[in-house]
Amino acid sequence: MAHVLFDKEELQGRQAYFLITSLVVPRPIAWVSSLAADGTLNLAPHSYFNIISSGPPIVHFTSTGIKDSLTNVKATGEFVINIVNEQMMDQMNDTAANFPSEENEFEWAGVETAPSVYVAPPRVARAPAALECKLNQIVSLGNGNMVFGDVVAIHVDEGVMHEGRVEADLLKPLGRLGGSNYATVAGHTLRIARPTWDDMKERGKQ
Ligand SMILES: Cc1cc2nc3c(=O)[nH]c(=O)nc-3n(C[C@H](O)[C@H](O)[C@H](O)COP(=O)(O)O)c2cc1C
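When we follow the numbering used here, the leftmost residue of the sequence shown carries the number 969, and every step to the right adds one.
Rendered as structure tokens:
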């Protein structure tokens, strides 16, 4: 195996972007709905998205630079993270176009809204799940503005649940890979039990 080494000096601009976004994969996609101060509705995908805490639930998405989603969340303190499934790939992708701020991506992409319960921005009606969030804080590092949100409610389509748990094969989440590539999970999930320290001691070093 021959590994190519990219030094910090080489990790600049597009080169760094393509390398790191092709390697940190697959990334979940937060389809963020938010409202501007003037009430304009906004919807945009963000794959720099993850869990920070499960108790209480706190998530984050990161805006590379300053975009409408970030501006809206700063102004209103509220947003919804809609989970993107395979069926919503085209509509999700349409909402990533560089629309002027005054345009409503829900309308352009033909995405139906459903009311949220605790926050003003609506959720995506046909998304398999949606996390209603209130802004916790924004942390800026490099060109990333990390938006941390306290999850105040979660909507889950009962059709993706089995015996009280979300089933990946039913959820059919879409994952972002490098460039314009996406990963699907349904039908390809693997299951493995995590060993305990006692299990490992019994098995020995490999
Ligand atoms: C799958 C996918 C994931 C994306 N992830 C991010 C991201 O994590 N951060 C970001 O700033 N832009 C990301 N983008 C680009 C934004 O969606 C795009 O710049 C969009 O126009 C921003 O919309 P806004 O100005 O309404 O917030 C992504 C695009 C796609 C298609």
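Built from N, CA and C at the ideal position, the CB exists for glycine as well.
Since the model is a prediction, treat every value here as computed from it, not as a measurement.
Alpha-carbon to alpha-carbon, residue j and residue i
i, j, result
"Val1052", "Asp975", "35 Å"
"Thr1030", "Met1168", "38 Å"
"Glu1170", "Ile1160", "18 Å"
"Asp1058", "Leu1009", "19 Å"
"Asp1125", "Ala1005", "30 Å"
"Thr1164", "Ser1022", "22 Å"
"Asn1061", "Asp1036", "16 Å"
"Gly971", "Val993", "The amino acid occupying residue 971 in the given sequence is His; Gly does not appear at that position. Each residue's alpha carbon lies about 19 Å from the other."
"Glu1054", "Pro1068", "27 Å"
"Gly1132", "Gly981", "45 Å"
"Thr989", "Gly1146", "5 Å"
"His1130", "Glu978", "48 Å"
"Asn1066", "Gln983", "22 Å"
"Gly1007", "Ala1077", "18 Å"
"Glu1070", "Ala1095", "24 Å"
Chain-order list of residues whose beta-carbon lies under 6 Å from that of residue i (same chain, five-residue window excluded)
i, result
"Ala1064", "Pro1013"
"Lys1140", "Asn1053, Glu1054, Ala1154"
"Tyr1079", "Note that residue 1079 is Val in the sequence shown, not Tyr. Contacts found: Gln1059, Val1092."
"Val1134", "Val1128"
"Val1107", "Met1114"
Residue i, buried or exposed, once every other Cβ within 10 Å from all chains shown has been counted against 16
i, result
"Glu1073", "buried"
"Arg1144", "buried"
"Val1000", "buried"
"Phe986", "exposed"
"Val1128", "buried"
"Leu1011", "buried"
"Ser1178", "Residue 1178 lies beyond the range of the chain shown here (969 to 1174); nothing can be said about it."
"Ser1015", "buried"
Beta carbon of residue i nearer than 8 Å to that of residue j
i, j, result
"Cys1101", "Val1085", "no"
"Leu1103", "Val1092", "no"
"Gly1175", "Thr1039", "With the chain represented from 969 up to 1174, any question about residue 1175 goes unanswered, as that position is not in the structure."
"Ile1049", "Ala1098", "yes"
Contact set for residue i: own chain, Cβ-Cβ below 7 Å, skip 5 residues either direction
i, result
"Val1041", "Ser1002, Phe1047, Leu1103, Val1115"
"Ala1082", "Pro1090, Arg1091, Ala1093"
"Pro1024", "Asp1118"
"Leu1142", "Ile997, Val1052, Asn1053, Glu1054, Met1057, Tyr1150, Thr1152"
Cut-off 8 Å between Cβ atoms - residues of its own chain near residue i, not counting five sequence neighbours on either side
i, result
"Thr1157", "Ala1136, Asp1137"
"Ile1026", "Ile1019, Ile1020, Asn1104, Phe1116, Gly1117, Asp1118, Val1119"
"Gly1045", "Lys1102, Leu1103"
"Ala1043", "Ala1004, Ala1005"
"Ile1034", "Asn1113"
"Gly1172", "none"
"Leu991", "Gly1146"
query = In chain order, which beta strand (DSSP E) runs of at least 3 residues are fully inside the region 1089 to 1116?
reply = The region 1089 to 1116 contains these whole beta strand (DSSP E) runs: 1097 to 1109.
request  = Counting only runs of 4+ residues fully inside the region 1135 to 1159, write out the alpha helix (DSSP H) ranges in chain order.
outcome  = Unbroken alpha helix (DSSP H) stretches of 4 residues or longer found wholly inside the region 1135 to 1159: 1136 to 1139, given in chain order.
inquiry  = Going residue by residue through the region 1016 to 1062, where are the continuous beta strand (DSSP E) segments of at least 3 residues, counting only ones entirely within it?
reply    = Fully enclosed beta strand (DSSP E) runs of 3 or longer: 1017 to 1022, 1025 to 1032, 1046 to 1051.
key: Minimum length 3: unbroken beta strand (DSSP E) runs contained in the region 984 to 1012   = Entirely contained in the region 984 to 1012, the beta strand (DSSP E) runs reaching 3 residues are, in chain order, 998 to 1003.
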